[in-house]
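In UniProt numbering, the protein residues as written are 1 to 882.
So this is what it looks like as structure tokens:
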């Protein structure tokens, strides 16, 4: 009976004893710290509660934290080892919250230099967490001694604390390089690893010093016994090779990484294989030794090695599937692995490397265990199936059936969204799979629990359903959503039905009846939509329906709202012109692929400063430019902005790139500059431009100051020529500035006087695409018919330099900078003729539609027809192409 009672008590106590803690009661208990004598066991338990609350995200006010901190310091009088180590942890956690924490410095310094090894390492960590730059010099001598201490725990604690201190006092830590060098010769595995980390961080801003450090270890002058240290060297070498660009294959650094594949430590071997696999522009010959090692790991009795190997091989399969052909037998043996994560990765790797004949067999094997794995790995399977569908289009039926089964299974939003994304991708890339895919999606929304996913599928049905052979079959599924779902989904269903009414005249009477019923809906938005669409469709005018339902208002709504507000605030006798509002940024894809990140690999971050990547959200540049008075006063809103164009090499001392901002009558050139020299401060930075004929420089806005590692912009405002043909041209550009030599550590200039200097830039090219905004057309045929009364230009061209229709389509699309319609940028296989449809707006709001008929014989010939609301724009496009 006693045994049973003890067993029951053990089972009852299996939960978290701290889960119901309250901050107030714990702080009340903390008063026990002031008792004399100290009760070590009780104080340890209370301190554990405080640390638990802090680690769970509980917020302590400054006063509360200070009171607790000073109460904790009273515990220094206890000699209990466990309590003392808890005190150090408490000081570390409370140091960033409490005030006057510096008061415990003397106690910590005493413990740090004392004879009790159990206290010294923890005291160092606590002391460094509360030390600021002004205090650091007072303990510098003790830190140097601790780094070279015979006790490995003390030495490691000092080295790791040094790494943390580099963020606040890098210059002081640099003086400890000799001690760190000595610690790197330690026999302790962890001390050697931490010492190498300190040496690297001290020298990381100096590429030559890092290269010498690596050479010292690589040549054997300093022996590395620690596998962790060798792994760190491999990561440093990989970073050096990446910065070297593509010229690394014959490098001795690469030979070093390859030699690590023969190391006795499995950790080092995997790190080397992982580094080689992740290097850019590797060939199959360079990958071969790494793949061979990973293949051996696939047969390891250790699950961790098998998982690491198959995960890395899965990544190789994306870029070099042919390199894994020899591994297929080993991967097939992992399909039955007891670890389902390993089995999943093995299957998905085989899906990427296997032949078309093996697809059916692999899908049967996946279906046997797919319900047992987590959503994270199910997404990996879905991503592999997506790649397989694109690789083997004829297998779409088998793969679609498998995906539809997965859709019916239990799962979260991300998992279901990844399946829907895959089905949509298959529909878009393979016309034969469209009706099957839409049928599966229709079945899915019958029981879909995720509102956002149901709305997205309804939008797809409205867009693609009318183009199928039997559009009427989808109406029932859509109308069911009006009856059964919440208001958001009902609104999407009403919009989808209206698409069928606008595109399918045979279904229009039935759609009008259904929309009339929806006018009785309980939700305002649903009723308004139904009334709006019913009124438009009742007119039975194809052009009106196309304009207001299929191809809706093509303007940027945030900019329209702002422009209307400004117009109402400042009334003008001139009527508001909707053409002055730029269209929204066209999106090439109608869906966003689910991310496929299983785990993030640790890597050494680049120390070289980089230009910040601008956000691509709509209206981002408009908001930024409006803060500059000279640009804010230009006539009309921002029409479009180009992608950044590099005007210098990325490794030069001054990195400059240009972003072209197009306004109705002006061109703004933004030159984003980066100073990579840490001994120079640049002032009055501007660009001297040599514009082509017809352009007029209106204003130049210099950058007053450019420090090392910081990016800043200088602007030039130009007026477009009146003659449209003159807007295409090249501008010579020179970067001009005043240089002041400065101290490398502080960044302060040595003298107040500087000297003028300049730096040649690549020419700035203003092309046709810089003046055109992409606009999507859901029904290009209707839009083309509607534009029959526009100005039209037509010409024939011979594209002699292009050897395929795919190449011609890609080049014409990129040159014109317009949006492909109805997926006409996808050329069916085996075709010798193709028609490309493009749409966009020229600056000033002039609509442009292009139809390019391409034929392939000895070379590609193109018949280009341009329709535009402005004759000059049509002439500009045809003449520029020619």
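Ideal placement from N, C-alpha and C gives every residue a C-beta, glycine not left out.
Model, not experiment: these values are computed from the prediction.
- In terms of CA proximity to residue 715, 703 leads the group 703, 308, 709.
- Setting aside the 5 residues that flank it on each side, residue 187 is surrounded in the same chain by 225, each with a C-beta closer than 8 Å to its C-beta; the list follows chain order.
- Assigned with DSSP and collapsed to three states, residue 784 falls in helix.
- If you draw a 10 Å sphere on the C-beta of residue 179, you find 16 or more other C-beta atoms in it, and that means buried.
- The residues 523, 525, 526, in chain order, have a CB closer than 7 Å to that of residue 487 in the same chain once the five nearest residues on each side in sequence are set aside.
- In the DSSP assignment, residue 866 falls within the unbroken beta strand (DSSP E) covering 860-868.
- Within the stretch 416-500, no run of beta strand (DSSP E) reaches 3 residues while sitting entirely inside it.
- In this structure, the beta-carbon distance from residue 836 to residue 824 falls below 8 Å.
- The beta carbons of residue 40 and residue 80 sit closer together than 8 Å.
- Residue range 81-94 is occupied by the alpha helix (DSSP H) that includes residue 90.
- In the DSSP assignment, residue 795 forms a beta bridge with 864.
- A distance below 8 Å between beta-carbons, with the five flanking residues on each side excluded, links residue 501 to the following residues of its chain, in chain order: 507, 508, 511, 512, 515, 533, 537, 545, 549.
- Runs of the alpha helix (DSSP H) lying entirely within the stretch 34-62 and spanning at least 4 residues, in chain order: 40-55.
- In the three-state DSSP reduction, residue 302 falls in the coil class, being neither helix nor strand.
- For residue 558, the enclosing alpha helix (DSSP H) covers residues 557-569.
- Going by DSSP, residue 383 is part of the alpha helix (DSSP H) stretching over 375-391.
- In the structure shown, the three-state DSSP call for residue 707 is coil.
- Counting other Cβ atoms within 10 Å of its Cβ, residue 117 stays below 16 and is therefore classed as exposed.
- Measuring C-alpha to C-alpha distances from residue 663 to each of 470, 634, 424, 676 identifies 634 as the nearest.
- Across the structure, residue 55 and residue 719 are spaced so that their CA atoms are roughly 59 Å apart.
- Taking all protein chains shown into account, residue 103 has fewer than 16 neighbouring C-beta atoms within 10 Å of its C-beta and is therefore exposed.
- Cβ contact annotation for residue 740 (same chain, cutoff 6 Å, sequence separation greater than five): 681, 749, 754, in chain order.
- The residue from 417, 147, 475, 412 with its alpha-carbon nearest to that of residue 439 is 475.
- By the C-beta density criterion, residue 49 is buried, having at least 16 other C-beta atoms within 10 angstroms.
- The DSSP-derived three-state label of residue 760 is strand.
- Closest option to residue 581, judged by alpha-carbon separation, among 574, 557, 566: 557.
- Taken through DSSP and simplified to helix, strand or coil, residue 152 comes out as helix.
- Residue environment analysis places residue 657 among the buried positions, since at least 16 neighbouring C-beta atoms fall within 10 angstroms of its C-beta.
- Assignment of residue 657 by DSSP, reduced to helix, strand and coil, places it in the strand class.
- Counting the other Cβ atoms within 10 Å of the Cβ of residue 133 gives fewer than 16, which makes it exposed.
- Note: residue 176 is not bridge-paired with any residue in the DSSP secondary-structure output.
- Across the structure, residue 689 and residue 764 are spaced so that their CA atoms are roughly 9 Å apart.
- Assigned with DSSP and collapsed to three states, residue 321 falls in helix.
- In the three-state scheme derived from DSSP, where H, G and I count as helix and E and B as strand, residue 840 is classed as strand.
- Residue 403 has its alpha-carbon roughly 14 Å from the corresponding atom of residue 434.
- 517 is the residue among 573, 464, 517, 465 whose C-alpha sits nearest the C-alpha of residue 483.
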